[in-house]
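Peer 1:
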Amino acid sequence: MKTENYEAMFIIKPDLEAGEKKKAIDLISDAITKDGGSIKDSAEWGKHRLAYKIKRFNDGLYILTHFNMPKDKVDKIKKIYNLNENILKTLIIIDENVTPSPQKTI
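When we follow this note's numbering, the leftmost residue of the sequence shown carries the number 115, and every step to the right adds one.
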């Protein structure tokens, strides 16, 4: 299976308690790793004002994640994120700035 490098930005609810926030962040990484992906890095960008209200929230907690995953699994994890009430918004794009690792030819 061909894998791609991805960059994902998640906006989660800003008013989550520490335990709920950890669960939301764990869900993000677990969904990737359970479907054959690997996380390169993940960073919490903190709480920022949104350009427009999302689900009645003016602010959101931003999480940036870089990962590698088979192409055919990305739609599945997007559905998981969209169904979670603590994740306000998800954007996943192909990360073209990463140099692909050389492929073995047989």
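Beta carbons are placed, not taken as given, at the ideal position from N, Cα and C, and that holds for glycine.
(1) Taking all protein chains shown into account, decide if G174 is buried (16 or more other Cβ within 10 angstroms of its Cβ) or exposed.
(2) Alpha carbon to alpha carbon, what distance is there between R170 and I126?
(3) Quick one, are the C-beta atoms of G151 and F181 less than 8 Å apart?
(4) Tell me whether T147 is buried or exposed, calling it buried when 16 or more other Cβ atoms sit within 10 Å of its Cβ.
(5) Could you tell me the alpha carbon to alpha carbon distance between K161 and M115, rounded to whole angstroms?
(6) Secondary structure at L197, three-state DSSP: helix, strand or coil?
(7) Considering only the alpha carbon of each residue, which of I207, I206 and Y195 lies closest to K137?
(8) Please classify L205 as buried or exposed, where buried requires at least 16 neighbouring CB atoms within 10 angstroms.
Peer 2: In this structure, then:
(1) buried
(2) 13 Å
(3) yes
(4) exposed
(5) 37 Å
(6) helix
(7) Y195
(8) exposed
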